[in-house]
Each structure stands twice: as structure tokens, then as C-alpha cells.
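As numbered in the working numbering, residues 1 to 194 make up the sequence shown, in order.
Below is one structure, written out as C-alpha cells, with a few remarks after it.
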Amino acid sequence: MSGHSAALQPPADAVPPVRHPDAPAPGELLGAHYGQCFGCGDGQPHGLRLQARAGEGVSITAEFTVQPAHQGAPGLAHGGVLATALDETLGSLNWLLRTIAVTGRLETDFVRPVPVGTVLHLKAEVTAVAGRKIYCTATGHIGGPDGPVAVRADALFIEVKVDHFIDHGRQEEIRAAMEDPDQVRRARAFEVNP
Numbered sequence: 001m002s003g004h005s006a007a008l009q010p011p012a013d014a015v016p017p018v019r020h021p022d023a024p025a026p027g028e029l030l031g032a033h034y035g036q037c038f039g040c041g042d043g044q045p046h047g048l049r050l051q052a053r054a055g056e057g058v059s060i061t062a063e064f065t066v067q068p069a070h071q072g073a074p075g076l077a078h079g080g081v082l083a084t085a086l087d088e089t090l091g092s093l094n095w096l097l098r099t100i101a102v103t104g105r106l107e108t109d110f111v112r113p114v115p116v117g118t119v120l121h122l123k124a125e126v127t128a129v130a131g132r133k134i135y136c137t138a139t140g141h142i143g144g145p146d147g148p149v150a151v152r153a154d155a156l157f158i159e160v161k162v163d164h165f166i167d168h169g170r171q172e173e174i175r176a177a178m179e180d181p182d183q184v185r186r187a188r189a190f191e192v193n194p
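So, in C-alpha cells, the structure goes:
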């Protein structure tokens, strides 16, 4: 990505990312972290329902199909929806680090239009870690996983504690998630917030 800001340049003391030993295996479908998540959840009728899979190292592949509800210009995906798909994919990388993190900065380049009905194939990887800062990059391809690049992004995620969500989220949803009798689903609701 050209011309990205200094905030997205890892510092000299940054270290390579290390995949957590309990991370999902390469090829494993990650599933939604929260059913109401616009990016990955199945509880949003117009959401992306993005499907992400663990890759090798600290990488993710994902895809979603651009629906008519995702339009900006007639017949084309809205840029904000494409940025959301990149953000969701980048946020899913944190599952491989087993870290709770939120987007601190996202810089996106829109390279070519993405028509409605297109499957957007996304690839993302963590490039460096410096303290609580996680540096990563992603690309979105059309016409197949190795097709032309349509969108790309660099991002900085910041590690947070679960209190971040409890202190800032709407209490109705926080309470409902915390009272979910499914212990795994309850924990996953707060694992990542892309």
C-alpha cells in the first residue's frame, strides 16, 4: 500500500507475530464471534456474513458475496461495506493471537469497482507486534482468490481488556451476551471486536 501514515509503520523494536498454540488450525472456519455482528454474525439480515478461515502462520482468508443491500452506486458495492469487510477480516486475525483487540486505525485503498453479486476473496496477515499494538495488512480480490486486487488496507489494532466492551457497550446487549447460557458463545462475544 502506498502512502500510508507513519502510525501504521511498526516501530524499530516491533517483533514478528507469533501464532498462539491454541489458535484454530489452518483451514478451520472461525465462525461468528457474535451473532449480531454486522461483519460476521448471522443475526443481521443485511450483514456481510463474512466467512473467515485460519491460514498458515498469522494469516486469515475470508470471503463474502456482495448483496443488493450492500450497494453504493447502482450495481456496485458501497465503499464503506468494502472497508467493513477488510476490517472484519483484519479483526479476525486476533483470534490467531488469542488477543482481545479493537481497530485503532484503518487505511483503505479502493483499487477497482466491486459489482453486486461478486464474491470478494480476502487475505490478511499480522506483520508485526509492538506491546499492545498489532500491525496488519489485507487485500480483497475479485474473480477468485488470486484475481485482481479490488481493495486493500493496512491497520493498527490495540489490545484491550474485556472491560472495554462492558464499560462502553450498550447495557442491554452486554447483559444479554453475559447471560447467554452457552458458555462458549458468551465468551466468544467478547473475544474480538473488529
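Virtual Cβ for every residue (Gly too), placed ideally from N, Cα, C.
Query: Between 107, 102, 156 and 104, which lies nearest to residue 128 when the distance is taken from Cα to Cα?; Result: 156
Query: Quick one: Cα of residue 181 to Cα of residue 39, how far?; Result: 24 angstroms
Query: Does the distance from the CB of residue 122 to the CB of residue 138 come in under 9 angstroms?; Result: yes
Query: Give me, in chain order, the residues of the same chain whose beta-carbon lies closer than 8 angstroms to that of residue 8; leave out the 5 immediate sequence neighbours on both sides.; Result: 105, 107, 135, 154, 155 and 156
Query: Work out the CA separation of residue 126 and residue 132 for me, nearest whole Å.; Result: 13 angstroms
Query: In its own chain, which residues sit with a C-beta less than 7 angstroms from the C-beta of residue 16, not counting the 5 before and 5 after it?; Result: 128
Query: Which of the three DSSP states is assigned to residue 115 in this structure?; Result: strand
Query: In whole angstroms, what is the alpha-carbon distance linking residue 34 and residue 149?; Result: 29 angstroms
Query: Please state whether DSSP places residue 32 in a helix, a strand or coil.; Result: coil
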